[in-house]
Amino acid sequence: MSTEKLYYQDAYLTEFTASADSCEKTEKGWKIVLNRTAFYPEGGGQPADQGVLCTSGGVVHVLDVHEKDGVVFHICDNFVENGAEVRGQIDWARRFDHMQQHSGEHIISGILCRMFDCDNVGFHLGAETVTIDYNAAVEWSQVLEAQRLANEIVYADRPVNIAYPDPEALASLRYRSKKALTGEVRIVTFPDADCCACCGTHVRRAGEVGLIKVLSCQSFREGVRLEILCGRRAMAYYDRVFDAARQSGQRLSVKPPELLPAVERLEDELTAEKNRSAYLEKLAYAAIAAEYEKKGSVLIFQPPMKPDSVRRLADAVGRTCGGTAAVFAGENGQWSYALVQGQGEEISGLVKRLNETLHGRGGGRNGFAQGSVKADTQEIKAFFGKEDGYAVCVD
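Take 474 as the starting number for the sequence shown in this note's numbering and just add one per residue.
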């Protein structure tokens with residue numbers, strides 16, 4: 474028994490009639506076999522179609538589709554009586570999206586494999602992007618050239634040819650395939666771009682791919698992995714990116730193409746402000762440290778600061794006070810802390826007691842520790858009041 478595969482006869486078929494050959498309850502739902510189907514099963518990196526089966530008893534949703542030994546199984550949310558007549562309806566938006574992505578992948582893969590004499594060794598059509606793996610090192614500039622050539626193929630809008638060559642013709646045909654094939658082989662050809670053995674659904678003409686956009690090229694195993702978008706996905710991506718660029722440009726009073734130099738100017742200004750802030754911070758911490766010169770161990774409270782700033786203040790005070798500098802920066806019971814022992818003495822015991830008492834976390838060694846606690850100022854003062862030598866408390 475095998476299923477008549479209508480999706481190979483016409484990838485644009487959205488409705489069909491069939492009869493239910495079997496219906497079986499499984500953990501994932503009802504597994505329904507029809508005598509014929511337009512629902513494409515998952516395979517070759519392309520996800521399965523979804524849609525509905527309409528029966529006299531109501532509507533059954535097709536959640537997933539698989540094929541085994543020529544039989545197509547529809548995983549559904551409800552049962553269909555054996556022998557029942559059904560009218561299948563494909564989720565066309567999903568199907569056409571998959572056709573655009575898969576066809577676009579063929580076009581750019583054919584071009585890249587020809588340019589670099591490499592193989593496409595991986596393909597995944599995901600819910601958001603398409604990833605393709607090649608067993609050759611390709612530079613970003615070369616990927617952009619392949620993208621340009623791929624879109625030239627789209628603009629030319631030549632018809633796509635799908636054929637089943639006889640063994641003699643197949644033997645003389647140069648085509649891409651991830652593995653050795655036997656029996657009837659389905660060859661999908663995009664003129665001037667690609668000739669490949671493929672079981673997926675494709676557009677009728679290259680122009681229906683609409684647009685091919687490469688998002689990234691990263692090293693992967695012995696080659697690279699590309700992330701691409703095609704068709705409506707690519708257009709939606711452009712819309713999101715352009716809108717973000719437009720809004721960013723409005724804030725910077727520049728047009729989207731002028732964003733990069735505007736951002737570079739902002740980076741330069743930010744770097745200058747960071748340097749100035751660091752200089753002023755150094756002066757301020759030196760002045761605070763001078764106040765506690767030779768005062769012994771001190772406990773200092775400060776407004777919220779970044780952990781690095783807390784550490785730098787504790788370092789400055791620790792060099793002058795002649796004891797341990799404990800700096801707590803925060804508010805509303807949430808504190809970052811840094812402890813510095815000017816002589817580099819071991820403070821792990823102090824940190825352990827502090828974390829246990831003040832609901833803290835953190836640690837350190839060689840005279841330095843850093844972390845955070847959840848406690849009010851009175852609890853912190855009470856803790857250090859029990860520690861030898863902490864006579865100075867400054868809010």
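Beta carbons are placed, not taken as given, at the ideal position from N, Cα and C, and that holds for glycine.
query                                                                                                           : result
Opening and closing residue of the beta strand (DSSP E) in which Arg560 lies                                    : 558 to 563
6 Å Cβ shell around Glu558 - same chain, five flanking residues per side excluded                               : Ser492
Alpha helix (DSSP H) segment containing Cys794, residue limits                                                  : 780 to 794
Residue of Ser809, Pro514, Val627 minimising C-alpha distance to Gly543                                         : Pro514
Closest by C-alpha distance to Gly844, when choosing among Thr830, Glu852, Glu860, Val824                       : Val824
Proximal residues to Arg784 (C-beta, below 7 Å), its chain only, five neighbours per side dropped               : Ala811, Gln843
Tyr628: CB within 7 Å of a non-hydrogen atom of the ligand NAP                                                  : Summarising the ligand content, the structure contains no ligands, and the ligand NAP is consequently not present.
Leu753 versus Tyr765 - alpha carbon distance                                                                    : 19 Å
Unbroken stretches of the beta strand (DSSP E), 3 residues or longer, contained in the region 583 to 662        : 593 to 598, 603 to 607, 634 to 636
Enclosing beta strand (DSSP E) for Gly844 [first to last residue]                                               : 841 to 847
Option nearest Lys651 by Cα separation, candidates Val603, Val538, Gly583                                       : Gly583
Between the CA atoms of Gly806 and Asp849 - distance to the nearest angstrom                                    : 5 Å
Own chain residues within Cβ distance below 7 Å of Tyr481, not counting five before or after                    : none
Own chain partners of Gly595 with C-beta closer than 6 Å, once the 5 adjacent residues on each side are dropped : Asp606
Whole-angstrom C-beta distance between Thr476 and Asn508, which should lie under 8 Å                            : 7 Å
Presumed contact (8 Å Cβ cut-off) between Val553 and Leu526, rounded CB distance                                : 6 Å
Buried versus exposed call for Lys686 [16 or more other C-beta atoms within 10 Å across all chains shown]       : buried
C-alpha distance - Arg706 paired with Met572, whole-angstrom precision                                          : 12 Å
The region 510 to 524 in contact with the region 532 to 549 per 3-pair CB rule at 8 Å                           : yes
Ala855 versus Thr830 - alpha carbon distance                                                                    : 10 Å
Assigned secondary structure, Asp542 (DSSP; H/G/I helix, E/B strand, else coil)                                 : coil
Length of the line joining the Cα atoms of Gly673 and Ala653                                                    : 17 Å
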